[in-house]
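Per our numbering, the sequence shown starts with residue -11, numbered consecutively. Ideal placement from N, C-alpha and C gives every residue a C-beta, glycine not left out. Fair warning: this is a prediction, and the values are worked out from it, not measured in the lab. These notes concern the structure reproduced below.
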Amino acid sequence: MTNNIFKIYIQPAFGDTRIDRIKPLHLVNFFAELKRKDGKPMATNTKNNIYKAMKSLFDSAAKWKLIASNPMEGVDRPTVGKQEKRQMKQRKKAYTRAESQAVIIALYDLPERWRLYYLGVLLGGFRRGEILAVEWGL
């Protein structure tokens, strides 16, 4: 993933600029101007992934004495903006009682294995990644 981040975001922005010439102000401007290809604001999670990759890159460069100090030390981690918070609140809505009942009733048409799986999803409050990691013990 870090290699993709470098190729897609970092290299096009900084090109052949020597690493020791990159200053905190360059990085602050870089993060402020990050946008998706369609021009819309980039998700904070994506910005944070880029931030972590760049921090790691500059940490290594400082450790290896390629640069005197890490310019990322002067850059704040990207935070969720008001508009993105609003969108997240709108997206994260729980099922109503009636919707939950309809789903549970519909589950009875599924084989028992899948019924248990989806009941766990519905009632367990698991995150997407946790559910995707579930393995059947045979």
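Asked, Found
"Could you check what DSSP says for P59 in three-state terms: helix, strand or coil?", "helix"
"Express the C-alpha separation of M30 and Y106 in angstroms, rounding to a whole number.", "32 Å"
"Between which two residues does the alpha helix (DSSP H) carrying A20 extend?", "P12 to E21"
"Is there a Cβ of chain C sitting closer than 8 Å to that of T32, yes or no?", "The structure shown contains no chain C, having only a single protein chain."
"In the structure shown, what three-state DSSP assignment does P99 receive?", "coil"
"Whole-angstrom Cβ separation of Y83 and I38, contact assumed at under 8 Å?", "Not quite, the Cβ-Cβ distance comes to about 34 Å (not below 8 Å), so this is no contact."
"For P0, which of helix, strand or coil comes out of DSSP?", "helix"
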